[in-house]
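Quick notes on the structure that follows.
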Amino acid sequence: MESSSSKMSHVSKRNESEEYRSDSEIDNKLKEIMSSVLGKKGAAVTDLYQYEGFWCPLARLEGTLRAQKHFKPQPNQVILSSFPKSGTTWLKALIFAIMTQSHVSEPTNPLLTRLSHECVPFIEFDFRSSSPKLNLDVPLVATHISYTSLPKSIINSGCKIVYLCRDPKDVLVSTWHFIRKVLVNEEFSAVRDIPLEDAFEFFCQGLSFCGPYWDHLLGYWRASSESPERILFLKYEDLKNETGYWVKKIAQFIGYPFSLEEEDKGVVQKIIDLCSFENMSSLEVSKNGMIWLEKNGVNTMEIKNNTFFRKGKVGDWKNHLTHEMAMQLDQILEQKLSGSGLTFNVPLPSIR
Ligand SMILES: Nc1ncnc2c1ncn2[C@@H]1O[C@H](COP(=O)(O)OS(=O)(=O)O)[C@@H](OP(=O)(O)O)[C@H]1O
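To convert, note that position 97 of the sequence shown is 97 in my numbering; the numbers rise steadily by one, no gaps.
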């Protein structure tokens with residue numbers, strides 16, 4: 001794995017020479033990455049390529065390069081960033097509901113008939129070209145891109161970023177289940193049927209989609225420590241335990257605070273109820289709908305919406321990982337995060 005300092009040199013190189021790449025230069029860059037770095041098998045994903053210190057499947061890598069070139073934040077843009085399987089589907093819905101709070105009880109609320117992934121696009125998927133797929137007029141987009149590789153247009157705009165992470169043991173288990181359900185085609189059977197023990201080993205080596213997990217966290221954690229007014233760092237576990245507190249906190253942070261009147265009318269609770277696992281997973285669109293992954297404007301893979309909802313619980317890893325596996329991952333994490341001030345067993349300090 002690369003050290004943080006070599007990652008930094010990647011960043012400055014991109015700033016100088018790669019920020020204004022043309023699309024054909026992006027194609028060449030992709031070929032270069034594919035030929036210079038061996039695609040590696042990782043924790044329950046297809047071949048991974050390393051770019052700026054992070055492991056990425058090719059389609060995501062292409063999307064990342066195109067987002068670096070094309071994505072221009074709107075005024076008052078809010079960016080939701082997360083490590084995959086940390087609760088993105090939930091947080092997309094919560095922030096979308098916060099930003100459209102006057103519609104929360106309306107039967108036409110898009111969150112009742114669309115998966116939150118349709119309401120809030122991923123910049124590395126849906127901004128392959130300069131035009132977004134949906135125009136819902138809400139300046140909210142999401143990404144799994146590491147802080148290192150975020151488009152400089154985002155960093156320089158000073159727009160608000162809300163970052164979400166989760167206990168890696170639950171992330172690993174959630175990913176493993178997701179891949180088993182999502183990779184229906186036989187061509188993916190070797191990846192789909194990977195034993196959890198192998199996925200665990202890959203994850204511990206940092207070889208996972210968007211991994212190394214700890215480097216993803218640390219990039220946003222450090223940026224958030226340096227600019228707390230710009231980046232709000234959240235954990236799934238805190239959001240589960242104190243949803244009301246964090247919904248108000250997020251609303252205030254992104255510039256959509258609740259008035260006392262709204263609070264008295266129960267708007268916060270309505271948002272929480274709308275976006276709860278129980279409600280979201282029981283909607284018709286979640287049970288029977290599907291979304292398509294696109295490549296160059298062509299639908300390439302369908303995903304059933306119900307694969308984004310499994311248990312929605314803290315600590316389900318206990319039903320899948322042995323005590324030894326849990327200890328090993330905890331130890332790796334403790335070592336990787338040491339000195340950063342970020343821990344996983346103690347709740348983040350909250351300013352009330
Ligand atoms: N509303 C709500 N509340 C709480 N938890 C929820 C909610 N919606 C989805 N989930 C759980 O989040 C896990 C999926 O993570 P992501 O949404 O980040 O997946 S993805 O990266 O967007 O593919 C996955 O976790 P696991 O159940 O542990 O697999 C989902 O069940």
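For every residue, glycine included, the Cβ atom is placed at its ideal position computed from N, Cα and C.
Can you check whether the CB of residue j is closer than 9 Å to the CB of residue i?
i: ILE155; j: VAL141; result: no
i: SER149; j: THR64; result: yes
i: ASN306; j: LYS287; result: yes
i: LYS69; j: LEU329; result: no
i: LEU164; j: TYR245; result: no
i: GLN101; j: PHE258; result: yes
i: ILE98; j: ILE271; result: yes
i: ASP167; j: GLY315; result: yes
i: LYS291; j: HIS117; result: The sequence shown places Ile at residue 291, not Lys. Cβ atoms of ILE291 and HIS117: closer than 9 Å.
i: LYS181; j: LYS304; result: yes
i: VAL267; j: VAL138; result: no
i: ALA81; j: VAL162; result: A small fix is needed here, since residue 81 is Ser in this sequence, not Ala. Their beta carbons are under 9 Å apart, which means SER81 touches VAL162 by this criterion.
i: LEU112; j: VAL247; result: no
i: SER157; j: GLN77; result: yes
i: SER200; j: PRO57; result: Contrary to the premise, residue 200 reads as Phe rather than Ser in this sequence. Contact flag unset, no.
i: CYS119; j: PRO110; result: yes
i: LEU239; j: TRP90; result: yes
Under the three-state reduction of DSSP, which class applies to residue i: helix, strand or coil?
i: LEU342; result: coil
i: ILE351; result: With a pLDDT of 40 at ILE351, under the threshold of 50, the predicted position of this residue should be treated as unreliable, and no value is reported.
i: ARG230; result: coil
i: LEU80; result: strand
i: PRO75; result: coil
i: ALA44; result: Because the pLDDT of ALA44 is 48, which lies under 50, any placement of that residue in the model is unreliable, and the number read from its coordinates should be weighed accordingly. The answer is coil: DSSP assigns ALA44 none of H, G, I, E or B.
i: PRO57; result: strand
i: GLU261; result: helix
i: PHE209; result: coil
i: LEU178; result: Leu is not the amino acid found at residue 178; the sequence shown has Phe there. Correct three-state label for PHE178: helix.
i: GLU2; result: Bear in mind that a pLDDT of 35 at GLU2, under 50, signals an unreliable position, so the model cannot answer this.
i: GLU324; result: helix
i: LEU333; result: helix
i: CYS165; result: strand
i: VAL314; result: coil
i: LEU94; result: helix
i: THR89; result: helix
i: SER130; result: Reliability fails at SER130, whose pLDDT of 45 lies under 50, so the model's placement of it is uncertain and no value is given.
i: LEU183; result: coil
i: ILE277; result: According to the sequence provided, residue 277 is Phe. The question's Ile does not apply to it. Three-state DSSP puts PHE277 in a helix.
i: LEU140; result: strand
i: GLU237; result: helix
i: ILE303; result: strand
i: PHE308; result: helix
i: TYR51; result: strand
i: ILE145; result: coil
i: ILE194; result: coil
State yes or no: is the C-beta of residue i nearer than 8 Å to some heavy atom of ligand 1?
i: THR64; result: no
i: PRO84; result: yes
i: ALA326; result: no
i: TYR245; result: no
i: CYS56; result: no
i: GLY312; result: yes
i: GLY87; result: yes
i: ASP170; result: yes
i: VAL120; result: no
i: TYR236; result: yes
i: HIS70; result: no
i: TRP90; result: yes
i: HIS177; result: yes
i: LYS240; result: yes
i: VAL268; result: no
i: HIS320; result: no
i: VAL173; result: yes
i: ASP316; result: yes
i: SER199; result: Inspection of the sequence shows that residue 199 is occupied by Ala rather than by Ser. No - ligand 1 has no heavy atom lying nearer than 8 Å to the Cβ of ALA199.
i: SER146; result: no
i: HIS117; result: yes
i: ALA251; result: no
i: MET301; result: no
i: ALA93; result: yes
Residue i and residue j look like a contact to me (Cβ under 8 Å); what is the Cβ gap, rounded to whole Å?
i: TRP85; j: SER174; result: The residue you asked about is not Trp; residue 85 is Lys in the sequence shown. LYS85 to SER174, Cβ: 4 Å. Contact.
i: PHE203; j: LEU234; result: That belief does not hold up - the Cβ atoms of PHE203 and LEU234 are roughly 21 Å apart, past 8 Å.
i: PHE54; j: SER153; result: Not really, about 19 Å apart at Cβ, beyond 8 Å.
i: TYR256; j: PHE83; result: The pair is not a contact, with the Cβ atoms about 24 Å apart (cut-off 8 Å).
i: LYS160; j: ARG230; result: 6 Å
i: ILE33; j: LEU61; result: 7 Å
i: LEU333; j: LEU207; result: The Cβ separation is near 16 Å, so there is no contact.
i: PHE277; j: PHE308; result: Not quite, the Cβ-Cβ distance comes to about 11 Å (not below 8 Å), so this is no contact.
i: LEU115; j: GLY289; result: 6 Å
i: PHE395; j: PRO151; result: It is not possible to answer for residue 395, since the shown part of the chain is limited to 1 through 352.
Per the contact definition of three or more C-beta pairs closer than 8 Å, is the region 192-204 in contact with the region 262-275?
no
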